[in-house]
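Trainee: Numbering (UniProt numbering) for the sequence shown: 1 to 220.
Backbone N, C-alpha and C fix where the C-beta goes; we use that ideal spot for every residue, glycine too.
These numbers were taken from a predicted model, which means no experiment stands behind them.
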Amino acid sequence: MRVLVVAAHPDDEVLGAGGTLAKHVDAGDEVRAIVVSEGATSRYEDTMVDELRSAGRRSGERIGFASLEFVGMPDQRLDAVALIDVTQALEPLIQDFRPDVLYTHAPMDVNTDHGIVSRAAWTACRPYAAPWLSRFLVFETPSSTEWAWPIAEGSFQPNHFVDVSTTLERKLEAMRCYDEELRPYPHPRSVQALTERASYWGSRVGVTAAEPFMILRSRG
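Set out below in structure tokens:
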């Protein structure tokens, strides 16, 4: 099986689906990652772009990615880029890999970049453009999804949970590679909070640790 994760910023791919992606790797699936934004220039010096890419490669090795592609669009400024440009940046990468399963952000996140990347991936994977895609899922991104507008019809309502009891530690190891992005507890991007979050979702479905998803499209 071919599995693709499309993330807005370096570390989102791990925050949202790191344990699940590690399970895919362990099952023998080919897992690739695309990171759309450089993730640095709105908050750090320009040199941080290379540091985040290096961290992303180390993190991807922990998970077991077959490849990690950095598109390099501006951080926290995707709303200043035409949606068609973001979509067209993704389309050839998706068409080249032809994933069976695609993971990306929940479109309702408080972070605008997340919503734009989700919409662009959804557009790039419309049924007649990507007929080989079996499943399209969106994940929560701690410190973003839970801070979206508290409106029921626009909230994250998971309908699929993956048991990550055996891969949670690998997710946390991968996240530690992004040391500049980690925050002290109780911030949602702390190692302790991520562990507690996995336990919470696991308790919803009777396992030790889980990652939640919304399935937006499923075939077969």
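Three or more C-beta pairs closer than 8 Å, one from the stretch 171-179 and one from the stretch 126-144: is that the case here?
Mentor: The stretch 171-179 vs the stretch 126-144: no contact.
Trainee: What residue ranges within the stretch 50-79 form continuous beta strand (DSSP E) runs of no fewer than 3 residues, ordered along the chain?
Mentor: With a minimum length of 3 residues, the continuous beta strand (DSSP E) runs that stay inside the stretch 50-79 are 67-73.
Trainee: I believe THR20 touches GLU181 by the beta-carbon criterion, under 8 Å. Please report the beta-carbon distance rounded to the nearest angstrom.
Mentor: THR20 to GLU181, Cβ: 19 Å. No contact.
Trainee: May I have a chain-ordered list of the beta strand (DSSP E) segments no shorter than 3 residues that lie completely inside the stretch 81-105?
Mentor: DSSP runs (the beta strand (DSSP E)) wholly in the stretch 81-105: 101-105.
Trainee: Roughly how far, in whole angstroms, is the beta-carbon of LEU90 from the beta-carbon of ALA120, given that I think they are within contact range, below 8 Å?
Mentor: Right, the Cβ-Cβ distance comes to about 6 Å (below 8 Å), so this counts as a contact.
Trainee: Output the distance between the C-alpha atoms of SER155 and LEU216, rounded to the nearest integer angstrom.
Mentor: Approximately 14 Å between the Cα atoms of the pair.
Trainee: Measure the CB-CB distance between GLY64 and VAL101 and report whether it falls below 8 Å.
Mentor: Not closer than 8 Å, so no.
Trainee: So, using beta-carbon positions, are PRO127 and ARG197 closer together than 8 Å?
Mentor: Their beta carbons are not under 8 Å apart, which means PRO127 does not touch ARG197 by this criterion.
Trainee: With DSSP collapsed to three states, give me the class of VAL110.
Mentor: Three-state result, VAL110: coil.
Trainee: Apart from the five residues on each side of it in sequence, which residues of its chain come closer than 7 Å, Cβ to Cβ, to PRO158?
Mentor: For PRO158, where only same-chain residues beyond five positions count, the Cβ hits under 7 Å are PRO212, PHE213 and MET214.
Trainee: Quick one: Cα of TRP122 to Cα of GLU13, how far?
Mentor: Roughly 17 Å between the two C-alpha positions.
Trainee: Please work out which residues of its chain come closer than 6 Å, Cβ to Cβ, to GLU38, disregarding the five sequence neighbours upstream and downstream, and give them in chain order.
Mentor: VAL49, GLY72 and ASP75, listed in sequence order.
Trainee: My understanding is that LEU4 touches PRO99, with C-beta atoms under 8 Å, so please give their C-beta distance in whole angstroms.
Mentor: At roughly 4 Å, the Cβ-Cβ gap stays under 8 Å, so LEU4 and PRO99 are in contact.
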